[in-house]
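> Letter by letter, the sequence shown follows residues 2 to 281 in my numbering.
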Amino acid sequence: MSHNFFSKALDDLIYMALTEDIGQGDITTQSTVPETAMARAHLVAKEDGVLCGCEVFERVFHVLDNRIVLRFLAEEGALIAKKQILCELEGPARSLLTGERVALNLLQHMSGIATATNRAVSQISGFPCKIIDTRKTTPGLRVLEKYAVRTGGGANHRFHLADGVLIKDNHIKAAGSIIAAVQAAKSRVSHMVKIEVEVETLSQVEEALHAGADVLLLDNMSIDVMKEAVQLVKGRVLTEASGNMGEKDLNAVAATGVNLISIGALTHSVKALDLSIRFL
Numbered sequence: 002m003s004h005n006f007f008s009k010a011l012d013d014l015i016y017m018a019l020t021e022d023i024g025q026g027d028i029t030t031q032s033t034v035p036e037t038a039m040a041r042a043h044l045v046a047k048e049d050g051v052l053c054g055c056e057v058f059e060r061v062f063h064v065l066d067n068r069i070v071l072r073f074l075a076e077e078g079a080l081i082a083k084k085q086i087l088c089e090l091e092g093p094a095r096s097l098l099t100g101e102r103v104a105l106n107l108l109q110h111m112s113g114i115a116t117a118t119n120r121a122v123s124q125i126s127g128f129p130c131k132i133i134d135t136r137k138t139t140p141g142l143r144v145l146e147k148y149a150v151r152t153g154g155g156a157n158h159r160f161h162l163a164d165g166v167l168i169k170d171n172h173i174k175a176a177g178s179i180i181a182a183v184q185a186a187k188s189r190v191s192h193m194v195k196i197e198v199e200v201e202t203l204s205q206v207e208e209a210l211h212a213g214a215d216v217l218l219l220d221n222m223s224i225d226v227m228k229e230a231v232q233l234v235k236g237r238v239l240t241e242a243s244g245n246m247g248e249k250d251l252n253a254v255a256a257t258g259v260n261l262i263s264i265g266a267l268t269h270s271v272k273a274l275d276l277s278i279r280f281l
């Protein structure tokens, strides 16, 4: 993660999360733990996975209390094993207790995304195909979630609506046809901007090719139809398989010859990786 990643936007997100969690104060910690108490703790993996979000985890504690010291024993993006100690923490006990939930929530979520992405990528090993994400992200967390996808070995689709033209079924209905939608887009955006069109049938594939689309999103096609679509394209444009790909045999999808497989489930319904902070 680049040094300029820690922008004001990220700190604002962390402040918001801490404020949401702490409210008027951590009354449990304040009423049971002496203000002068110091503590040591370990971050421990409770299952196998991919570690992602170390800098964010550390930043949460430093925003709360810069006296907390962290020493990571596993690197960002590393494959980690159940019971592995990932980080040593030391500092004021109150601050460690107050910050642990927000820090863990972000780290577990990001690690879950990286883990799911890594598993998807491993399923298509050997094929010239990429696993990519979508815009189906948690509001406010997109930068973290898309970073986690990259950490897991995947790639990013559009970050926001200004990144490229993606003409979907509702755009086509509103415009009147694929050709009308593509022609309208070409007349309004720079020649440097890619135009992707969502297609569901082989006839739509032919129409989108004729219209001059740069990328075809093959939506909810069966493996057999997808293979026919790729053969019809003949490498003239990029092809992206989409539509509940998280439930599909990704190896079989990649074998059709598609260039990209987009999986919304990597971010919109991923299971958090089980991690824990244990005081010593």
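Where is the CB? At the ideal position from N, CA and C, for every residue including glycine.
Being a predicted model, the structure only gives us computed values, none of them experimental.
Can you tell me whether R95 is buried or exposed? The criterion is at least 16 other CB atoms within 10 Å of its CB, across all chains shown.
It is buried - the Cβ of R95 has at least 16 other Cβ atoms within 10 Å.
> Apart from the five residues just before and just after F6, which ones in its own chain have a Cβ nearer than 6 Å to its Cβ?
Here F6 scores only 47 on pLDDT, less than 50, and its place in the model should not be relied on; the value that follows carries that caveat. Here the set comprises nothing.
> State the Cα-Cα distance for the pair S123 and L261, rounded to the nearest angstrom.
Approximately 14 Å between the Cα atoms of the pair.
> In three-state DSSP terms, what is R189?
Note: R189 maps to helix in three-state DSSP.
> Can you tell me which of M193, H211, K169 puts its alpha carbon nearest to the alpha carbon of N221?
N221 has its Cα closest to that of K169, out of M193, H211, K169.
> If I measure Cβ to Cβ from N252 and keep anything under 7 Å in the same chain, skipping five residues before and after, which residues do I get?
So the list reads Q124, I125, once near-sequence residues are dropped.
> Just list the residues that DSSP pairs E199 with in beta bridges.
For E199, which the question treats as bridged, DSSP gives the partners L218.
> Restricting to Cα atoms, I'd like to know which of K228, K195, E229, V61 is closest to M17.
Considering only alpha carbons, the answer is V61.
> Does the distance from the CB of T257 to the CB of I224 come in under 9 Å?
Yes, the pair counts as a contact, with Cβ atoms nearer than the cut-off.
> From G361 to A185, what distance separates their C-alpha atoms?
Here the chain covers residues 2 to 281 and nothing more, so residue 361 does not appear.
> Less than 9 Å separating the beta-carbons of A255 and T240?
No, the pair does not count as a contact, with Cβ atoms beyond the cut-off.
> How would you call T139, buried or exposed, if buried means at least 16 neighbouring beta carbons within 10 angstroms?
Answer is exposed; the Cβ neighbour count stays below 16.
> With 16 other CB atoms within 10 Å as the buried threshold, where does L162 fall?
Classification of L162: exposed, given that the 10 Å Cβ count is below 16.
> Which residue wins for smallest C-alpha separation from L11, given the options L167, H63, V183, E36?
Nearest option by C-alpha distance: H63.
> Tell me the rounded alpha-carbon separation between G154 and N67.
Straight-line Cα distance between these residues: approximately 32 Å.
> Quick check on V70: buried or exposed, where buried means 16 or more other Cβ atoms within 10 Å of its Cβ?
V70 is exposed by the Cβ-count criterion.
> What does DSSP give as the partner residues of S243 in its beta bridges?
Paired residues: D220.
> What did DSSP end up calling D164 once you bin it into helix, strand or coil?
If DSSP states are grouped into helix, strand and coil, D164 belongs with the helices.
> Distance, Cα to Cα, L107 vs V144?
Distance between the alpha carbons of L107 and V144 is about 12 Å.
> Counting only the same chain and skipping the five closest in sequence on each side, list residues whose C-beta sits under 8 Å from that of C88.
Contacts found: H43, L44, C55, F58, L71, R72, F73, L74, A75.
> Alpha carbon to alpha carbon, how far is V198 from E48? Give it in angstroms, no decimals.
Each residue's alpha carbon lies about 40 Å from the other.
> Compare the C-alpha of V259 against each of I133, G26, A273 and name the closest.
Of the listed residues, the one whose Cα sits closest to V259 is I133.
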